[in-house]
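Asker: First the structure, which I've put down as structure tokens, then a few questions once you've had a look.
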Amino acid sequence: TTTVEPSAPPVVVALREALAAWGQFAVTGAMSDLGDHFVVGGPQRRQLREESAAIRENPLGPPAYEVTTSNVFSISVTDEDVVLRAEVDWLREGEEPQQFLWDIQMRLVDDVWQLLTVEDMTDGDG
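Here my numbering is used: the sequence shown runs in plain steps of one and ends on residue 121.
In structure tokens form, the structure reads like this:
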């Protein structure tokens, strides 16, 4: 489960839920782990589908990655899309933390915010 401060806007709550699902997917390769957190047919879901077979061949197994966000703010807002810039940390016991600066496009689909795509804005090696 993902803990989110009560005052977080729904799009930020949805972002954090999507990243938590991605953290689980990263150790199983199971598309079902992504639930309805990613836009069906969207670029990020397509990329994860392409990666799923390789992950399933050699799954890392538990624990899932803990994916956390900080300094989240919107950089673009339209009627159906919000682009959020966030510092994203991928943490897993026994591994070096991975830190990124991502622009994450969230799309409103049937009144539910879903992750559409991620652009890595990290300078250098991340």
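We put the CB at the ideal spot given by N, CA and C, even for glycine.
All of these numbers come straight from a predicted model, not from anything done at the bench.
Reducing DSSP to helix, strand and coil, say where Asp28 ends up.
Answerer: In the structure shown, Asp28 sits in a helix (DSSP, three-state: H, G or I).
Asker: Taking contact to mean at least 3 C-beta pairs separated by less than 8 Å, is the stretch 59 to 72 in contact with the stretch 81 to 101?
Answerer: Counting Cβ pairs under 8 Å, three or more are found: they touch.
Asker: Helix, strand or coil for Ala81, going by three-state DSSP, please let me know.
Answerer: It is a strand residue.
Asker: Three Cβ pairs or more, each shorter than 8 Å: is that satisfied between the stretch 47 to 55 and the stretch 70 to 83?
Answerer: No, they do not touch.
Asker: Who are Arg102's beta bridge partners in DSSP?
Answerer: Asp76 and Gln109.
Asker: So what's Ser65 in DSSP terms, helix, strand or just coil?
Answerer: Strand, per DSSP.
Asker: At which residues does the alpha helix (DSSP H) containing Ser2 begin and terminate?
Answerer: Per DSSP, Ser2 belongs to no alpha helix (DSSP H) and is neither H nor E.
Asker: Cutting at 6 Å between CB atoms, please list the residues of its own chain near Leu111, excluding the five before and the five after it.
Answerer: So the qualifying residues of the chain are Val34, Gly37, Gln100 and Arg102.
Asker: How many angstroms separate the CA atom of Ala15 from the CA atom of Asp76?
Answerer: If I take the Cα positions, the gap works out to 20 Å.
Asker: Use the C-beta contact count for Asp28: other C-beta atoms within 10 angstroms, 16 or more gives buried, fewer gives exposed.
Answerer: Buried is the call here.
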